[in-house]
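Colleague: Heads up, the sequence shown stops at 254 in numbering that gives the first Met the number 0, and the numbers go up one at a time, no gaps. In this text, a Cβ means the ideal position worked out from N, Cα and C, and glycines have one as well. Everything numeric in this text was worked out from a predicted model, so none of it was measured.
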Amino acid sequence: MRPSAAETARTLARGRLHGLVRFDDGAAVTGVQHATDRLGRPLLLVPAGEELAAVLRGREAPRVSLSVDDVPPRFGAPSLGRVRVVGDLLPVPEAERRDAVLEYARSNADPDLFDVVGGGVGGDGVAIHRIAPDRVTLNRGGTTELVDLAAYVSASPDPIHECEQDLLADLADHHAPQIEGYLCRLLGDATAFADRPPQVMRLDRYGLVVDLGERAGDLGRGRWVRLEFARAVTGQHDLAHLLHPILCCHHRDDE
0 MRPSAAETAR TLARGRLHGL VRFDDGAAVT GVQHATDRLG RPLLLVPAGE
50 ELAAVLRGRE APRVSLSVDD VPPRFGAPSL GRVRVVGDLL PVPEAERRDA
100 VLEYARSNAD PDLFDVVGGG VGGDGVAIHR IAPDRVTLNR GGTTELVDLA
150 AYVSASPDPI HECEQDLLAD LADHHAPQIE GYLCRLLGDA TAFADRPPQV
200 MRLDRYGLVV DLGERAGDLG RGRWVRLEFA RAVTGQHDLA HLLHPILCCH
250 HRDDE
């Protein structure tokens, strides 16, 4: 199983990556601080005196798009693509503001949350706004897919995404021989990686993507292989549990 378009969109929109907000009239603001609530609605922090506050001044319920590009965790790793969430941008109502701040913090613990004040953008402090999505798209490999809104709302961000880079570094630094041995057994070829060990390039809740190297094509194999877990993982500790048979099998072989 692979992440669905809705799950990937929710993962990218979560707030771990910087976003670009574009208004219908062409105005654009980069590096926007954002997160999503439990329904996937983007929450935007608008600090007084900064560019987004200036652009918003005098605009009532502007139609905007929030675009977020994936940043692959390793050089040469495949990208998850770009999510684009379109809808009206409105101040979060006072009655909902506290819950919005808490939900924002769960996705992205930004210190500016301590300064969130009233819904307007004309005073001091930080305002919090919310996009009401009516269109979500995901661009992957040059192809744009319209994401079903109901699926987007019900999906959840990938729990591995925020620690993916650290996990990949750990696999490369401490478990490369085990990964290579596992893939050699899987391929039935003990010399499959004589020129270069395989590289785990991406991790998600459903599996991992491995670069088998340029020599794979000469051997009649594709360069990239996806290894799927028996089930979706729920977090970092659950991932360690599922990877244990792979990462520890070399000890049994050596006994």
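#1: Is residue 82 near residue 116, with beta carbons less than 8 Å apart?
#2: Please classify residue 20: is it buried, with 16 or more other beta-carbons within 10 angstroms of its beta-carbon, or exposed?
#3: With distances taken Cα to Cα, identify the nearest neighbour of residue 130 among 94, 160 and 43.
#4: I need the straight-line Cα distance from residue 251 to residue 229, nearest angstrom please.
#5: Since I believe residue 72 is in contact with residue 167 (beta carbons under 8 Å), could you give me their beta-carbon distance rounded to a whole number of angstroms?
#6: Verify whether the separation of the beta carbon atoms of residue 84 and residue 22 is less than 8 Å.
#7: May I ask you to check if the CB of residue 61 is nearer than 7 Å to at least one heavy atom of the ligand PLP?
#8: Between which residues of its own chain and residue 45 is the CB-CB distance below 8 Å, once the five residues before and five after are set aside?
#9: What do you get for residue 192, buried or exposed, if any count of 16 or more other CB atoms within 10 angstroms of its CB means buried?
#10: Buried or exposed: residue 203, going by 16 or more other Cβ atoms within 10 Å of its Cβ?
#11: So what does DSSP say about residue 105, is it helix, strand or coil?
#12: Just how far apart, CA to CA, sit residue 95 and residue 35?
#13: Identify which residue in 123, 77, 2 and 76 has its Cα closest to the Cα of residue 49.
#14: If you draw a straight line from the C-alpha of residue 253 to the C-alpha of residue 200, how long is it?
#15: Quick check on the DSSP output: the beta strand (DSSP E) that includes residue 180 runs from which residue to which?
#16: Report buried or exposed for residue 25, applying the criterion of at least 16 other Cβ atoms within 10 angstroms of its Cβ.
Modeller: Considering the structure as presented:
#1: Position 83 of the sequence shown, counted from the start, is the residue given in the question as residue 82. Position 117 of the sequence shown, counted from the start, is the residue given in the question as residue 116. Cβ distance not < 8 Å, so residue 82 and residue 116 don't count as in contact.
#2: Reading the sequence shown from its first residue, position 21 is the one you call residue 20. Residue 20 comes out buried.
#3: Here residue 130 corresponds to residue number 131 of the sequence shown, with the count starting at 1. Here the closest residue by C-alpha is 43.
#4: As a working mapping, residue 251 is identified with position 252 in the sequence shown. As a working mapping, residue 229 is identified with position 230 in the sequence shown. Because the pLDDT of residue 251 is 47, which lies under 50, any placement of that residue in the model is unreliable, and the number read from its coordinates should be weighed accordingly. In a straight line, the C-alpha of residue 251 is about 21 Å away from that of residue 229.
#5: Residue 167 sits at position 168 when you count from the first residue of the sequence shown. Residue 72 sits at position 73 when you count from the first residue of the sequence shown. Indeed they touch by this definition, with Cβ atoms about 6 Å apart.
#6: The residue labelled residue 84 in the question sits at position 85 within the sequence shown. The residue labelled residue 22 in the question sits at position 23 within the sequence shown. The answer is no: Cβ separation not under 8 Å.
#7: This structure lacks the ligand PLP, and indeed carries no ligand of any kind.
#8: Taking the sequence shown and counting its residues from 1, the one referred to as residue 45 is at position 46. If we look at residue 45 and ignore the five residues flanking it on each side, its Cβ neighbours are 51, 52, 55, 120, 125, 126, 127 and 128.
#9: By 1-based counting over the sequence shown, the position of residue 192 is 193. Buried.
#10: Along the sequence shown, read from residue 1 onward, the residue named residue 203 stands at position 204. Result: buried.
#11: Here residue 105 refers to the residue found at position 106 when the sequence shown is read from its first residue. If DSSP states are grouped into helix, strand and coil, residue 105 belongs with the helices.
#12: As a working note, residue 95 is residue 96 in the sequence shown. As a working note, residue 35 is residue 36 in the sequence shown. Going by the C-alpha atoms only, they are around 14 Å apart.
#13: The residue labelled residue 49 in the question sits at position 50 within the sequence shown. Nearest of 123, 77, 2 and 76 to residue 49, Cα basis: 123.
#14: Taking the sequence shown and counting its residues from 1, one reaches residue 253 at position 254. Taking the sequence shown and counting its residues from 1, one reaches residue 200 at position 201. Residue placement at residue 253 is flagged as unreliable, the pLDDT there being 47, under the threshold of 50; a coordinate-derived value is accordingly withheld.
#15: Residue numbering aside, residue 180 sits at position 181 when the sequence shown is read from its first letter. Per DSSP, residue 180 belongs to no beta strand (DSSP E); it is in the alpha helix (DSSP H), 175-186.
#16: Counting from one through the sequence shown, the residue named residue 25 turns up at place 26. The residue is exposed, with fewer than 16 neighbouring Cβ atoms inside 10 Å.
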